[in-house]
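> Sharing a structure with you now.
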Amino acid sequence: MRDLNLVVVVDYGSQYTQLIARRIRELGYYSIVVTPEERVNPDKISAVILSGGPHSVFEKDAPQLPSWWQKYDGKVLGVCYGMQLICHAYGGIVKPGIQGEYGKTEINVIGKDPLFWGLPDSFTVWMSHGDEVASLPGTFDLIAKTNTGMVAAATDYRRFWLVQFHPEVRHTVYGLEILGNFLARICGLSPDWSLEDFLHRKVEVLREMLKGKKVIAAFSGGVDSSTAAMIVHKAIGSDLVSIFVDHGLLRKGEEEEVPAVFRDLLGMNLVVVDSKKRFLEKLEGVADPEEKRKIIGEEFIRVFEEEAKKCEAEFLVQGTIYSDVIESSASGKYTNRIKSHHNVGGLPEHMNLNLVEPLRELFKDEVRRLGELMGIPRHVIWRHPFPGPGLAVRVLGEITAERLRILKEVDHIFLEVLRETGWYEKTWQAFAVLLPVRSVGVRGDKRNYGYVVALRAVDSVEAMTADWTRLPSDVLDEAARRILNQVPEVSRVVFDVTSKPPGTIEWE
Ligand code: XMP
Numbered sequence: 002m003r004d005l006n007l008v009v010v011v012d013y014g015s016q017y018t019q020l021i022a023r024r025i026r027e028l029g030y031y032s033i034v035v036t037p038e039e040r041v042n043p044d045k046i047s048a049v050i051l052s053g054g055p056h057s058v059f060e061k062d063a064p065q066l067p068s069w070w071q072k073y074d075g076k077v078l079g080v081c082y083g084m085q086l087i088c089h090a091y092g093g094i095v096k097p098g099i100q101g102e103y104g105k106t107e108i109n110v111i112g113k114d115p116l117f118w119g120l121p122d123s124f125t126v127w128m129s130h131g132d133e134v135a136s137l138p139g140t141f142d143l144i145a146k147t148n149t150g151m152v153a154a155a156t157d158y159r160r161f162w163l164v165q166f167h168p169e170v171r172h173t174v175y176g177l178e179i180l181g182n183f184l185a186r187i188c189g190l191s192p193d194w195s196l197e198d199f200l201h202r203k204v205e206v207l208r209e210m211l212k213g214k215k216v217i218a219a220f221s222g223g224v225d226s227s228t229a230a231m232i233v234h235k236a237i238g239s240d241l242v243s244i245f246v247d248h249g250l251l252r253k254g255e256e257e258e259v260p261a262v263f264r265d266l267l268g269m270n271l272v273v274v275d276s277k278k279r280f281l282e283k284l285e286g287v288a289d290p291e292e293k294r295k296i297i298g299e300e301f302i303r304v305f306e307e308e309a310k311k312c313e314a315e316f317l318v319q320g321t322i323y324s325d326v327i328e329s330s331a332s333g334k335y336t337n338r339i340k341s342h343h344n345v346g347g348l349p350e351h352m353n354l355n356l357v358e359p360l361r362e363l364f365k366d367e368v369r370r371l372g373e374l375m376g377i378p379r380h381v382i383w384r385h386p387f388p389g390p391g392l393a394v395r396v397l398g399e400i401t402a403e404r405l406r407i408l409k410e411v412d413h414i415f416l417e418v419l420r421e422t423g424w425y426e427k428t429w430q431a432f433a434v435l436l437p438v439r440s441v442g443v444r445g446d447k448r449n450y451g452y453v454v455a456l457r458a459v460d461s462v463e464a465m466t467a468d469w470t471r472l473p474s475d476v477l478d479e480a481a482r483r484i485l486n487q488v489p490e491v492s493r494v495v496f497d498v499t500s501k502p503p504g505t506i507e508w509e
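Per the working numbering: the sequence shown ends with 509, consecutive numbering throughout.
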């Protein structure tokens, strides 16, 4: 099999590092993110990009050039901190800026460097830096400056191209062109990465690897786990047994929809384990959110294990995706970011199975496109994220069959209104929460004492931070009216206007 071009992005902790790799893939090149300490074979690298980051080259523990730097003699694009690091290492002068530069800035191109091929002489870029380059190393020339005369881009024409701004951010109007120019015109690469190609290669590799083996998949019906199972299904067909544990905490109708799509439509060998009663019994009388999560996690493992034993499986397919991988290794080291992981907790260690993670290299949007390529219906692919413990963390306090039923109805109505008004696809995640408080209302001249439900809709980038969605008042009004009309147990509907931070997306 021929080797793909490999573009290595070295992560210095910028919140945009992953975005660089995504843009490069958009341009048709395979790209990975590594820490400066991570070992990479320099002979396999086609181009290197050093990312930005929150550090200053003057800090005592400032992250350094990658460990394989001396052995790599190809071309490098230094972005922001990456630029300052190279300047600092090769004899330039970096100094703390007076107040830093953040936001949109106009830059002016000097000369005719291929980095700016096909672009106008001046355009808007996105800056985000504290330190600045006061003087370039002797062998470097300025190829773009800001309106105030600061260094915006420089090169030694041989190995290093440096930009102070962020080409990966959409506010840099020709950012994608600049990255494309670097790879094609400066590094001389031709695009050779596509998802179709990835799919064919992956299916071949999996077929070879799993031939004659017993394989199971932990299948939740979510985008990642179903795309992972689907790709293995393409490779080995019904030799893959996908296990779907129905814990009864799913959204309304999902337990019927999942088999209808994956078994009936797509032909997967899907085992549905109806464990609703079991989970509800275990959760009886439990109100503490962490306790609920723990019980669900443990029970899930137990049910799954019983099913897996029946299959005598050796391999377990999991829907780990690239952002999970880099969050637990690369990014995070130099990034000030807090995120806990919500994967099928502890399954592999517990069961001593070999892991198959066919989506490890892919970003979420690539996973979605891959799912679509394999025929998974759009409404499944674009479904909002859903927590593993399901509605358990949205029925606040104790979970009963009755409360679950009420929440499922309310949630269903809210999402229905969002779909009808075109808001479902515009929000990252939307749902209803059933509160453990009651409120007085009147219904047909009678006083009633019903539940309070909260509606939540958020806009987010990968759930790290979130802002509440500014839903139009008539959309909220329609949702509230329908809920109050159709679910008599509810007497009050409220809308959550908390952002993350300081709130979280879920209520528990
Ligand atoms: P929070 O509430 O932490 O949620 O802002 C961030 C994202 O993660 C989802 N979430 C979970 N997913 N198990 C999961 O699989 C969990 O325990 C869990 N808690 C939160 C949440 O829906 C949101 O998309």
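For every residue, glycine included, the Cβ atom is placed at its ideal position computed from N, Cα and C.
Bear in mind that the values here come from a model prediction, so they are computed numbers and not experimental data.
Between G451 and V491, is the Cβ-Cβ spacing less than 8 Å?
Numbered from its first residue, the sequence shown carries residue 451 at position 450. Numbered from its first residue, the sequence shown carries residue 491 at position 490. Yes, Cβ-Cβ distance for G451 and V491 is below 8 Å.
> Does the distance between the C-beta of I506 and the nearest non-hydrogen atom of the ligand MG fall short of 7 Å?
You won't find the ligand MG in this model; what it holds is the ligand XMP.
> Would you say A464 touches the ligand XMP, meaning its beta carbon is less than 7 Å from a heavy atom?
Translated into the one-based positions of the sequence shown, residue 464 becomes position 463. Yes, the ligand XMP has a heavy atom inside 7 Å of this Cβ.
> Between the region 138 to 147 and the region 181 to 189, do three or more beta carbon pairs fall short of 8 Å?
Because the criterion of three Cβ pairs below 8 Å is not met, the region 138 to 147 and the region 181 to 189 do not touch.
> Could you tell me which uninterrupted beta strand (DSSP E) segments, each at least 3 residues in length, are contained entirely in the region 63 to 150, listed from first to last along the chain?
Entirely contained in the region 63 to 150, the beta strand (DSSP E) runs reaching 3 residues are, in chain order, 77 to 80, 94 to 110, 123 to 136 and 142 to 147.
> In the DSSP assignment, find the unbroken beta strand (DSSP E) run with S243 in it and report its ends.
Here residue 243 refers to the residue found at position 242 when the sequence shown is read from its first residue. It spans L241 to D247 - the beta strand (DSSP E) in which S243 sits, taken as one unbroken run.
> Can you check whether the CB of S57 is closer than 8 Å to the CB of I94?
For the purposes of this step, residue 94 is taken as residue 93 along the sequence shown, with counting starting at 1. For the purposes of this step, residue 57 is taken as residue 56 along the sequence shown, with counting starting at 1. Cβ atoms of I94 and S57: not closer than 8 Å.
> CA-CA distance, V454 and L241?
Here the question's residue 454 lines up with position 453 in the sequence shown. Here the question's residue 241 lines up with position 240 in the sequence shown. Those two C-alpha atoms are separated by around 41 Å.
> Decide if Q85 is buried, meaning its Cβ has at least 16 other Cβ atoms within 10 Å, or exposed.
Locating residue 85 in the sequence shown gives position 84, where the first residue counts as 1. Classification of Q85: buried, given that the 10 Å Cβ count is 16 or more.
> Does the beta-carbon of V8 have 16 or more other beta-carbons within 10 angstroms, so that it is buried, or is it exposed?
Taking the sequence shown and counting its residues from 1, one reaches residue 8 at position 7. Looking at its Cβ environment, which holds 16 or more other Cβ atoms inside 10 Å, V8 is buried.
> Report the residue from A288, L284 and G376 whose alpha carbon sits nearest the alpha carbon of G298.
For the purposes of this step, residue 298 is taken as the residue at position 297 of the sequence shown. Closest option to G298, Cα to Cα, is L284.
> Tell me which residue opens and which closes the alpha helix (DSSP H) that L354 is part of.
The count along the sequence shown starts at 1 and reaches residue 354 at position 353. Unbroken run through L354: none, as it is neither H nor E.
> Any heavy atom of the ligand XMP closer than 7 Å to the beta-carbon of R287?
If you number the sequence shown from 1, residue 287 lands on position 286. In the sequence on display, residue 287 carries Val and not Arg. No, since every heavy atom of the ligand XMP falls outside the 7 Å radius drawn around the Cβ of V287.
> Where DSSP assigns a beta bridge to Y13, which residues make up the other side?
Start at 1 with the first residue of the sequence shown, and residue 13 comes out as number 12. Paired residues: none, contrary to the question.
> For H343 and P359, I'd like the C-alpha separation in whole angstroms.
Walking along the sequence shown from the start, residue 343 turns up at place 342. Walking along the sequence shown from the start, residue 359 turns up at place 358. Residue confidence is low: H343 scores 42 on pLDDT, short of 50, so the model does not pin down where it sits. Its coordinate-derived value is still stated next. Looking at the two C-alpha atoms, the distance is approximately 18 Å.
> List the DSSP bridge partners of S32.
Taking the sequence shown and counting its residues from 1, the one referred to as residue 32 is at position 31. Looking at the DSSP assignment, S32 forms a beta bridge with V8.
> Does DSSP classify K409 as helix, strand or coil?
The count along the sequence shown starts at 1 and reaches residue 409 at position 408. Three-state DSSP puts K409 in a helix.
> Going straight from the alpha carbon of V152 to that of L163, what length do you get?
Taking the first residue of the sequence shown as 1, we reach residue 152 at position 151. Taking the first residue of the sequence shown as 1, we reach residue 163 at position 162. Each residue's alpha carbon lies about 10 Å from the other.
> Report the option in P378, E107 and L271 whose CA atom is closest to the CA atom of H172.
Indexing the sequence shown from 1 puts residue 172 at position 171. Of P378, E107 and L271, the residue nearest in Cα terms is E107.
> Measuring only the C-alpha atoms, how far is E27 from K278?
What you label residue 27 is simply residue 26 of the sequence shown in a count that begins at 1. What you label residue 278 is simply residue 277 of the sequence shown in a count that begins at 1. Rounded to whole angstroms, E27 to K278 spans 46 Å at the Cα level.
> How far does the alpha helix (DSSP H) with N486 in it reach, from first residue to last?
Position 485 of the sequence shown, counting from 1, holds the residue named residue 486. S474 to Q487 is the span of the alpha helix (DSSP H), which, as asked, contains N486.
> Between which residues of its own chain and P97 is the CB-CB distance below 6 Å, once the five residues before and five after are set aside?
If you number the sequence shown from 1, residue 97 lands on position 96. Excluding positions up to five away in sequence, the list reads D132.
> Report yes if the C-beta of K501 is less than 7 Å from at least one heavy atom of the ligand XMP; otherwise report no.
The residue labelled residue 501 in the question sits at position 500 within the sequence shown. Yes.
> With DSSP collapsed to three states, give me the class of D497.
The residue you call residue 497 lines up with position 496 of the sequence shown. Coil, per DSSP.
> Are Y13 and S68 touching if we call contact CB-CB under 8 Å?
Locating residue 13 in the sequence shown gives position 12, where the first residue counts as 1. Locating residue 68 in the sequence shown gives position 67, where the first residue counts as 1. No, the pair does not count as a contact, with Cβ atoms beyond the cut-off.
> Given A154, which residues of its chain have a CB within under 6 Å of its CB, disregarding the five upstream and five downstream residues?
As a position in the sequence shown, residue 154 is number 153, starting the count at 1. I144, A145 and V164, listed in sequence order.
> Are the Cβ atoms of R369 and Y323 separated by less than 8 Å?
Mapped onto the sequence shown, residue 369 falls at position 368. Mapped onto the sequence shown, residue 323 falls at position 322. Not closer than 8 Å, so no.
> Under the three-state reduction of DSSP, which class applies to V345: helix, strand or coil?
Here residue 345 refers to the residue found at position 344 of the sequence shown. With a pLDDT of 45 at V345, under the threshold of 50, the modelled position of that residue is not reliable, and the figure given next carries that caveat. Coil, per DSSP.
> Going by the C-beta, is R24 closer than 7 Å to any heavy atom of the ligand XMP?
One-based indexing of the sequence shown puts residue 24 at position 23. R24 Cβ: outside cutoff for every heavy atom of the ligand XMP.
> Just the C-alpha distance for S47 and I21, rounded to the nearest angstrom, thanks.
Taking the sequence shown and counting its residues from 1, the one referred to as residue 47 is at position 46. Taking the sequence shown and counting its residues from 1, the one referred to as residue 21 is at position 20. Going by the C-alpha atoms only, they are around 15 Å apart.
> What's the C-alpha gap between P386 and G101?
Within the sequence shown, residue 386 is the residue found at index 385, counting from 1. Within the sequence shown, residue 101 is the residue found at index 100, counting from 1. So the two alpha carbons sit approximately 37 Å from each other.
> Let's see if you can read the secondary structure: which residues bound the beta strand (DSSP E) around G451?
As a working note, residue 451 is residue 450 in the sequence shown. Residues K447 to V462.
> Counting pairs of beta carbons, one from the region 223 to 236 and one from the region 370 to 382, are three or more of them closer than 8 Å?
The region 223 to 236, when compared against the region 370 to 382, does touch it at the 8 Å Cβ threshold.
> From N337 to Y103, what distance separates their C-alpha atoms?
By one-based count along the sequence shown, residue 337 stands at place 336. By one-based count along the sequence shown, residue 103 stands at place 102. Model confidence at N337 stands at a pLDDT of 37, short of 50, so the residue's coordinates are unreliable and nothing is read from them.
> In terms of residue numbering, what span does the beta strand (DSSP E) encompassing D275 cover?
One-based indexing of the sequence shown puts residue 275 at position 274. Start and end: L271 to D275.
> Which word fits I339, buried or exposed, when buried means at least 16 other C-beta atoms lie within 10 angstroms of its C-beta?
As a working note, residue 339 is residue 338 in the sequence shown. Low per-residue confidence applies at I339: pLDDT is 28, beneath 50, and the placement is therefore not dependable enough to give any value.
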